[in-house]
Amino acid sequence: MFASMAKRFAGDMVYPVTLDAVQIFGGAGVPSAKIYQIYEGTSQIQRLLMGKEMLSRATMEP
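Heads up, the sequence shown stops at 1214 in my numbering, and the numbers go up one at a time, no gaps.
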């Protein structure tokens, strides 16, 4: 679950941070930043994996 959370966070954050950097430094690296949102699995898939993990933990018997 933590891996999915980290992938989702990183994938969602890399693009806006890169766009800010482009405003400061220029356009190199923008295409490779967008691919991280896709390559590690879309945010929706990461949310689905996190939800499944949370449900399985919630339904476990102590």
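All residues carry an ideal CB built from backbone N, CA and C; glycine is no exception.
Beta-carbon separation (whole angstroms), residue i vs residue j, contact threshold 8 Å
i     : j     : result
M1206 : M1153 : 7 Å
Buried versus exposed, by CB contacts within 10 Å (16 or more), residue i
i     : result
Q1175 : exposed
Spatially closest choice to residue i from the options, by CA coordinates
i     : options                       : result
F1161 : A1173, T1170, Q1198 and G1179 : Q1198
D1164 : Q1196, A1210 and G1179        : Q1196
Inter-residue spacing [alpha-carbon to alpha-carbon] between residue i and residue j
i     : j     : result
K1204 : A1210 : 10 Å
D1172 : A1155 : 26 Å
M1166 : L1201 : The residue you asked about is not Met; residue 1166 is Val in the sequence shown. Rounded to the nearest angstrom, the two C-alpha atoms are 20 Å apart.
V1169 : T1194 : 18 Å
S1208 : G1178 : 46 Å
Enclosing alpha helix (DSSP H) for residue i [first to last residue]
i     : result
T1170 : F1154 to F1177
M1212 : Counting along the chain, M1212 falls outside any alpha helix (DSSP H), and DSSP gives it neither H nor E.
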